[in-house]
Amino acid sequence: MARPSREFINNEIYHVTLRRIGNELLFGDIDDYYRGIFYIYECNTTKPITIRERRKARERFKQIVKSSTNQINEEPSWEDERDLLVEVLAFCLMPNHIHLLLRQLKDKGISKYIQKIASGYPPYFKRKYQIVLRGHFFQDRFHAVHIKNDDYLRVVFTYIHTNPALLVEPEWKSKGVKEPEKVIELLEDYKWSSYQDYIGKKNFPSVTQRDFGLEVMGGVEGCREWVNNWIKYQGEVREAMEKLSHLSLDLT
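Heads up: the sequence shown runs through residues 78 to 329, numbered per the working numbering.
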């Protein structure tokens, strides 16, 4: 039986997760992460991605990467001619999945955008690692949650940008954060998300559209405050759990 199609509403915001099937590795090295960022940028257009356009897009992306290392706070000199399917408000690449915060601009924009990413990245990965995969590369259907108000948006924004904490504290979501300051430093240095661009560290500024996010989050300091407070709160949760554990041992 065919599954019912999902309808996404124009100008509404959605949290989309694209995960490798079986939670297998999606990004194996730095080049894979750069290619992932490239597809997040390149696929966001109503135009078909031809070989010629792909080459042009790669040249544009090289300028984006080059500009991110410049000391002068300037955008690339080329004009962005894309007709956007979505606004990419935030993103985070993890070893086996991708988080995207998207506002749909065109009819079926989110579905078309994710379809382009899901069909563009796997051939690169298969060629590079010389593997033959039968069936789906990504999980059969991407996960999408409608963000219905600003309060929920702030929570999801924070959730997306704190995901890399899993790389140093895999159990932090269930047991709290053991070393909050170390995790906060990691998040501010993590290259493969939009967080650096939100807190004034130029990284991939042309990939995201941040004006609305900055407004809702309370500017650069608001973004940092939400993320830092959440990590510190999780540190307090861990301390409380450890105290309760010791207390229960004393009572037995």
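The beta carbon of each residue, even a glycine, is placed where N, CA and C say it ideally should be.
The structure displayed is predicted, hence computed values, not measured ones.
In chain order, what residues of the same chain have a beta carbon less than 7 Å from the beta carbon of Ile-149, not counting five sequence neighbours either side? In this predicted model, Ile-149 has a pLDDT of only 38, less than 50, meaning its place in the structure is not dependable; the value taken from the coordinates is given anyway. Cβ neighbours of Ile-149 beyond the five flanking positions: none.
Of all the options Ile-107, Leu-162 and Gly-105, which has the alpha carbon lying nearest to the alpha carbon of Pro-125? Leu-162
Closest to Arg-83 by CA distance: which of His-223, Glu-164 and Lys-255 is it? His-223
Own chain partners of Thr-329 with C-beta closer than 8 Å, once the 5 adjacent residues on each side are dropped: Its pLDDT being 36, under 50, Thr-329 is placed unreliably by the model, and the measurement read from it follows with that caveat. Closer than 8 Å at Cβ, skipping near neighbours: no residue.
Classify Thr-235: buried if its beta carbon has 16 or more other beta carbons within 10 angstroms, exposed otherwise. When all chains shown are included, Thr-235 counts as buried.
Which residues does DSSP pair with Val-222 in a beta bridge? According to DSSP, residue pairing for Val-222 in a beta bridge involves His-92.
Three-state secondary structure (DSSP) of Gly-312: Helix at Gly-312.
Around the Cβ of Pro-257, are there at least 16 other Cβ atoms within 10 angstroms (buried) or fewer (exposed)? Counting Cβ neighbours within 10 Å, Pro-257 comes out buried, since at least 16 surround it.
Ile-114 and Leu-178 - do their beta-carbons sit closer together than 8 Å? no
Taking the alpha-carbon of Gly-253 as reference, which of Glu-262, Ala-242 and Leu-263 has the nearest alpha-carbon? Ala-242
Might you give, ordered along the chain, the residues of its own chain that have their beta carbon closer than 8 Å to the beta carbon of Tyr-206, omitting 5 neighbours on each side? Gly-105
Taking the alpha carbon of His-238 as the point to measure from, which residue in Glu-246, Asp-217 and Ser-271 has its own alpha carbon closest? Ser-271
Own chain partners of Phe-215 with C-beta closer than 7 Å, once the 5 adjacent residues on each side are dropped: Leu-95, Arg-96, Arg-97, Ile-98 and Ala-195
Helix, strand or coil for His-238? Go by DSSP, reduced to three states. Correct three-state label for His-238: helix.
Between the CA atoms of Glu-316 and Leu-182 - distance to the nearest angstrom: In this structure, the alpha-carbon of Leu-182 lies about 44 Å from that of Glu-316.
Whole angstroms is fine: what's the gap from Gly-212's alpha carbon to Ala-221's? 22 Å
How many whole angstroms separate the CB atoms of Met-171 and Asn-240, which I take to be in contact at a CB cut-off of 8 Å? 6 Å
One question on the structure: do Tyr-201 and Arg-112 come within less than 8 Å of each other, judged by their Cβ atoms? yes
What would DSSP say about Cys-169, mapped onto helix, strand or coil? strand
Do Arg-159 and Asn-121 have their CB atoms nearer than 8 Å? yes
Do Gln-311 and Trp-269 come within 8 Å of each other at the CB atom, strictly closer than that value? no
Looking at the secondary structure, which residues open and close the alpha helix (DSSP H) in which Gln-273 lies? 272-275
The alpha helix (DSSP H) that contains Ile-261, what's its start and end? 257-266
Give a yes or no on whether the C-beta atoms belonging to Tyr-198 and Tyr-110 are separated by under 8 Å. no
Between the beta-carbon of Gln-286 and the beta-carbon of Glu-119, is there less than 8 Å? no
How would you write the range of the beta strand (DSSP E) that Gln-181 sits in, first residue to last? 174-181
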